[in-house]
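A.B. asks: FYI, in full-length UniProt numbering the residues of the sequence shown are 1 to 323. For every residue, glycine included, the Cβ atom is placed at its ideal position computed from N, Cα and C. Predicted model, so just to flag it, every value in this text is computed and none were measured. The structure's right below; bear with me while I get my questions together.
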Amino acid sequence: MSVFIRDIYQMPQGQEFEDFFLIESAEIKKHRTGEPYLRLIISDRTGTLPVLWWKPPKDADLTIFKKGDVVFISAYVEIFQGNVQPKIKSMRHAQEGEFAEDKFISKSRFDIEEQFTKLLEIIETIKNPYLKKLLEVIFYDDEISSAFTKAPGGKFIHHASIGGLIEHTLGVVEICEVVAKRYKSIDRDLLITAAILHDIGKIHEYSIKIAIDRTDEGILLGHIYTGSELIAKKIDEIEGFPKELKMKLLHCILSHHGEYEYGSPKRPKTLEAVALHFADALDSKVKGYEEHIERELGEEKGWTKRHFAYDVPIYFDGEINYE
Ligand SMILES: [Fe+2]
Ligand SMILES: [Fe+2]
């Protein structure tokens with residue numbers, strides 16, 4: 001049975017464990033005597049953990065352990081100044097096929113094909129011919145649709161799973177439908193189109209090898225830019241696409257993070273843009289809480305540690321209501 005990092009944090013001093021983990025960082029340090037030791041940050045899909053290889057064998061080559069490697073670690077728990085910091089007894093690289101992929105990355109709990117069908121059905125409901133055409137041009141492109149259905153919604157904060165992007169997109173679309181019904185001045189077709197496309201740039205933002213990682217494009221350009229660029233290009237392929245509609249749609253994409261400090265080059269200045277921003281924040285935050293509970297507590301009742309991004313501990317009553 002797999003040993004997950006969330007369980008190691010609960011283990012008592014001295015408890016032994018062994019399993020496969022991913023190296024997030026590796027640093028060779030020196031004891032006062034000059035002997036080398038290794039300080040690693042390891043991870044799996046439930047979190048990260050610092051570990052020390054305090055007394056590696058004298059002939060061990062510590063330089064071969066690098067970020068991105070999967071290793072088999074045998075270790076025991078040490079609690080140092082109140083913090084869990086296990087010590088490694090032995091470690092080796094994993095062979096291909098030796099470990100289960102879902103140790104490092106989770107899958108959306110929704111069926112991806114069903115979700116894609118749902119997305120195509122929503123596109124059918126768009127009445128504005130230009131917006132409908134745009135969505136068809138984008139989602140009937142095999143390369144885009146296959147990337148879109150596999151992509152995660154994030155690396156760690158929310159929807160960090162295969163299929164996370166489409167799950168998040170449909171979540172935002174559903175919230176926007178409710179908002180569009182309630183506020184009659186909202187252009188429903190524009191809002192739903194913007195909701196479907198708001199994170200399309202994430203198909204280039206992450207790579208999935210062993211775990212989810214950000215690509216160079218993701219780090220240097222980000223999904224707001226790459227998404228807007230893709231949408232603008234596709235719009236320009238459609239004859240007669242109204243200029244103002246293009247501007248309003250791109251404004252929704254460019255402002256969906258709401259504030260400059262969250263990477264938004266623009267703040268929302270239309271009804272559709274402000275609705276999209278809060279629908280996006282609502283879906284990502286609730287899901288972010290849910291994933292933090294899953295990582296830290298599984299199905300146990302209790303408190304999580306402080307969330308690294310939302311900066312609060314989260315209480316969970318242990319009840320799971322998935323249908
Ligand atoms: Fe986004
Ligand atoms: Fe989003």
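What is the DSSP secondary structure of residue 284, counted as helix, strand or coil?
C.D. replies: In the structure shown, residue 284 sits in a helix (DSSP, three-state: H, G or I).
A.B. asks: Identify every residue that forms a DSSP beta bridge with residue 316.
C.D. replies: Its beta-bridge partners are 302.
A.B. asks: With distances taken between CB atoms, is the gap from residue 225 to residue 201 smaller than 9 Å?
C.D. replies: Yes. Within cutoff.
A.B. asks: For residue 76, name the three-state secondary structure that DSSP assigns.
C.D. replies: Correct three-state label for residue 76: strand.
A.B. asks: Starting from the Cα of residue 134, find the closest Cα among 234, 243, 299 and give me that residue.
C.D. replies: Residue 234 is the option with its Cα nearest to residue 134.
A.B. asks: Determine, using beta-carbon pairs with one atom in the stretch 172 to 187 and one in the stretch 278 to 298, whether at least three such pairs fall under 8 Å.
C.D. replies: Counting Cβ pairs under 8 Å, three or more are found: they touch.
A.B. asks: Can a CB atom of chain C be found closer than 9 Å to the CB of residue 300?
C.D. replies: Structure shown: chain C not included; a single protein chain is present.
A.B. asks: Name the one or two DSSP bridge partners that residue 48 has.
C.D. replies: In the DSSP output, where bridge partners are listed per residue, residue 48 has 43.
A.B. asks: If you draw a straight line from the C-alpha of residue 184 to the C-alpha of residue 99, how long is it?
C.D. replies: In a straight line, the C-alpha of residue 184 is about 53 Å away from that of residue 99.
A.B. asks: Which residues bound the beta strand (DSSP E) around residue 26?
C.D. replies: 16 to 30 is the extent of the beta strand (DSSP E) around residue 26.
A.B. asks: Closest to residue 93 by C-alpha separation, out of 108, 72, 141, 266, would be which residue?
C.D. replies: Minimum Cα distance to residue 93 is reached at 72.
A.B. asks: Assuming residue 104 contacts residue 210 (C-beta within less than 8 Å), just tell me the rounded distance between them.
C.D. replies: Residue 104 to residue 210, Cβ: 5 Å. Contact.
A.B. asks: Within 10 Å of its beta-carbon, does residue 260 have 16 or more other beta-carbons around it, so buried, or fewer, so exposed?
C.D. replies: Flag for residue 260 reads exposed.
A.B. asks: Buried or exposed: residue 263, going by 16 or more other Cβ atoms within 10 Å of its Cβ?
C.D. replies: Residue 263 should be labelled exposed.
A.B. asks: Could you give the distance in angstroms between the alpha-carbon of residue 154 and the alpha-carbon of residue 49?
C.D. replies: Cα to Cα, the separation comes out at about 20 Å.
A.B. asks: Quick one: give me the first and last residue of the alpha helix (DSSP H) that residue 247 is part of.
C.D. replies: Residues 243 to 254.
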